[in-house]
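Residue numbers (this note's numbering): 236 to 385.
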């Protein structure tokens, strides 16, 4: 088996999209992670935000509840050292700054978010990782795997 093409850090919006939507780019990232094309990372800041979001969504009729393994004590949790948001000085929203700091600490190749507008203050090329939506990552991955063809 080949090593993963990239280490990708998922923010809360993407984790929630994976849980709540059976289709779409976020769910495709999960599938690519399962088969080893991507190495998916989720940090400690994302976990409580995700749990709160799933709980809020689960209260609405017609929405699925939390999947097995989601919530307190569920799933695989890998502890990381406390991260200071020093590399995230461009962000005014502290949770986004922490998520960016976690992605940088994890040495991720990319940070995937549905909330790209929260990160617009970051100068282009200022980060050692790519930043974009699941669709952007899938487009980049397609170009990488096909050598830019297609």
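The beta carbon of each residue, even a glycine, is placed where N, CA and C say it ideally should be.
- No Cβ-Cβ contact shorter than 9 Å links residue 366 with residue 240.
- A Cβ-Cβ contact shorter than 9 Å links residue 369 with residue 264.
- Judged by DSSP secondary structure, residue 260 falls within the alpha helix (DSSP H) whose first and last residues are 260 to 269.
- In the three-state reduction of the DSSP assignment, residue 277 falls in the coil class, being assigned neither a helical nor a strand state.
- Counted as a single uninterrupted DSSP element, the stretch harbouring residue 251 is not any beta strand (DSSP E) but the alpha helix (DSSP H) occupying residues 247 to 255.
- Assignment of residue 291 by DSSP, reduced to helix, strand and coil, places it in the helix class.
- In the three-state reduction of the DSSP assignment, residue 241 falls in the strand class.
- With fewer than 16 other beta carbons inside 10 angstroms of its own, residue 270 counts as exposed.
- Sorting 238, 276, 260, 253 by C-alpha distance to the C-alpha of residue 288 places 253 at the top.
- Secondary-structure assignment with DSSP links residue 347 through a beta bridge to 245, 367.
- Under the criterion of beta carbons closer than 8 Å, residue 343 and residue 243 qualify as touching, at roughly 6 Å.
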